[in-house]
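As given, the protein sequences belong to chains A and B, one line each in that order.
For what it's worth, the working numbering labels the leading residue of the first sequence as 4, then goes sequentially.
For what it's worth, the working numbering labels the leading residue of the second sequence as 4, then goes sequentially.
Reading through the structure tokens given below for one structure.
Protein chains: 2
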Amino acid sequence: MEAYLDRLRDQGLKLTGQRRSILEILLAEDRYMTAKELMDRMQEQYPHISYDTIYRNLRVLHNEHIIEESMFQDGSSRFRIRCYDPHHHHFICTRCGATIPIEACPMELPVSVPEGFHVSSHRFEIFGECAHCSTVTK
Amino acid sequence: MEAYLDRLRDQGLKLTGQRRSILEILLAEDRYMTAKELMDRMQEQYPHISYDTIYRNLRVLHNEHIIEESMFQDGSSRFRIRCYDPHHHHFICTRCGATIPIEACPMELPVSVPEGFHVSSHRFEIFGECAHCSTVTK
DNA sequence: CTCTATTTCGTAATGATTTCGATTTATCAG
DNA sequence: CTGATAAATCGAAATCATTACGAAATAGAG
């Protein structure tokens with residue numbers, strides 16, 4: 004946590020209560036959350052907080068590489084604390100957003116890049132229901 | 004084309020001009036298109052067409068497994084004619100939506116599914132700029 | 001040609017995200 | 001500690017994609 008705050012300070016960014024809280028929630032939850040989930044949690048502490056604050060800070064944290072964003076197949080943007088640096092992919096629970104690392108990376112496969120194609124990124128995710136969610140009734 | 008129309012007919016669906024046109028455009032373009040791109044193209048022929056028609060027909064075509072939908076990282080839903088059946092993934096051009104098949108599938112890798120996790124789908128995409136777009140100035 | 005379920009149109013509603021002006025606040029120099 | 005100021009927040013309105021709905025039009029069956 005302190006490491007994150009230092010990183011923000013180093014960029015000349017201010018450590019507001021709202022900003023700390025967003026980080027605390029993301030750290031505690033350790034899973035992909037929607038902006039609305041964050042909003043609901045934040046309102047417990049800041050009843051008058053606005054979406055502007057939520058989205059602005061998510062963007063800031065993303066710019067600082069502190070959080071990751073993923074667009075789920077249902078069209079919802081979700082955010083989570085960026086995990087330990089070594090490159091990896093995830094199993095993702097479509098119900099609660101929980102993630103479990105996958106050690107393997109598909110770029111290890113023999114993939115021949117088409118002539119002239121300029122690769123910038125890749126995405127590999129396995130979706131389903133985690134052990135907890137699949138035992139709970141829908 | 005006729006095969007698609009037959010498939011629709013068999014489901015008791017009507018072959019309206021609008022529905023044919025959407026199919027024709029998707030077949031001709033052979034890439035991921037946004038609803039808006041389709042709307043713009045459709046307006047050339049049907050100046051009074053509404054988004055309701057676009058989205059409703061995309062849903063119909065998707066239900067009939069005639070088209071595929073993919074949520075891009077920028078949050079835009081894109082649609083394309085479903086390609087030849089064998090399961091595969093894509094290189095995707097982030098500028099024009101062009102797709103190039105990848106033969107390999109990451110599920111061939113030794114991936115150990117976590118205890119209790121119920122896999123429903125997976126996603127693997129390599130993003131970048133296609134040969135054509137990377138030569139054109141931004 | 002007639003009938004009817006389906007489809008379309010035009011428009012309004014929804015929901016997520018972005019934007020903006022006015023106000024407040026964290027930080028820092030003195 | 002205090003005042004200055006750039007950054008951040010609030011509250012509300014704007015935007016954008018998508019969905020929904022009632023009334024009118026139409027494809028296809030008989």
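Glycine included, each C-beta is placed from N, C-alpha and C at the ideal position.
Test: residue i CB closer than 8 Å to a CB of chain A
i: B:N76; result: Asn is not the amino acid found at residue 76 of chain B; the sequence shown has Gln there. Output row for B:Q76: interface = yes.
i: B:V139; result: no
i: B:I105; result: yes
i: B:R126; result: yes
i: B:I70; result: no
i: B:I129; result: yes
i: B:C133; result: yes
i: B:S24; result: no
i: B:F82; result: no
Check whether residue i and residue j have beta carbons under 8 Å apart
i: A:I103; j: B:H125; result: no
i: B:R85; j: B:R34; result: no
i: B:H91; j: B:I105; result: yes
i: B:M45; j: B:S24; result: yes
i: B:L142; j: A:L112; result: The structure shown does not extend to residue 142 of chain B, since chain B is modelled only from 4 through 141, so no value can be given for it.
Enclosing beta strand (DSSP E) for residue i [first to last residue]
i: B:R83; result: 80–84
i: B:I103; result: 102–105
i: B:S73; result: 70–74
i: B:C96; result: 92–96
Alpha helix (DSSP H) segment containing residue i, residue limits
i: B:I57; result: 54–66
i: B:C136; result: 134–138
i: A:M45; result: 38–48
i: A:G119; result: From DSSP, A:G119 is part of no alpha helix (DSSP H); its letter is neither H nor E.
i: A:Q21; result: 20–32
i: A:D9; result: 5–13
C-beta neighbour in chain B for residue i, strict 8 Å
i: A:G40; result: A small correction: the amino acid at residue 40 of chain A is Glu; Gly does not occupy that position in the sequence shown. Not an interface residue.
i: A:A119; result: At residue 119 of chain A the sequence reads Gly, which differs from the Ala that was named. Yes, contact with chain B.
i: A:V181; result: The structure shown does not extend to residue 181 of chain A, since chain A is modelled only from 4 to 141, so the question has no answer here.
i: A:Q18; result: In the sequence under discussion, the amino acid at residue 18 of chain A is Leu, which differs from the Gln named in the question. No, no contact with chain B.
i: A:P89; result: no
i: A:L30; result: no
i: A:L112; result: yes
i: A:P50; result: no
Check: residue i C-beta below 7 Å from any heavy atom of the ligand ADP
i: A:E67; result: In terms of ligand content, the structure shown is empty, and the ligand ADP therefore cannot be addressed.
Contact set for residue i: own chain, Cβ-Cβ below 6 Å, skip 5 residues either direction
i: B:C108; result: none
i: B:R22; result: N60
i: A:F127; result: H92, P109
Cβ shell of residue i (< 7 Å), same chain only, five flanking positions each side left out
i: A:G100; result: R34, Y35, M36, R81
i: B:L164; result: No information on residue 164 of chain B is available, as it lies outside the stretch 4 to 141 that chain B covers here.
i: B:E132; result: C96, T97, R98
Beta-carbon contacts of residue i that lie in its chain and below 8 Å, excluding the five residues immediately before and after
i: B:A38; result: Y54, I57, Y58, L61, S80, F82
i: A:D43; result: none
- Message: I want to know whether the stretch 116–128 of chain B touches the stretch 43–54 of chain B - three or more CB-CB distances under 8 Å.
- Response: no
- Message: Does the structure place the stretch 7–25 of chain B close enough to the stretch 120–138 of chain B that three or more beta carbon pairs sit under 8 Å?
- Response: no
- Just checking, does the stretch 119–128 of chain A make contact with the stretch 57–70 of chain A on the three C-beta pairs under 8 Å criterion? no
- Query: Does the stretch 64–76 of chain A come within contact of the stretch 92–99 of chain B, defined as at least 3 CB pairs closer than 8 Å?
  - Reply: no
- Inter-stretch contact at 8 Å, needing at least 3 Cβ pairs: the stretch 17–30 of chain A / the stretch 74–81 of chain A: no
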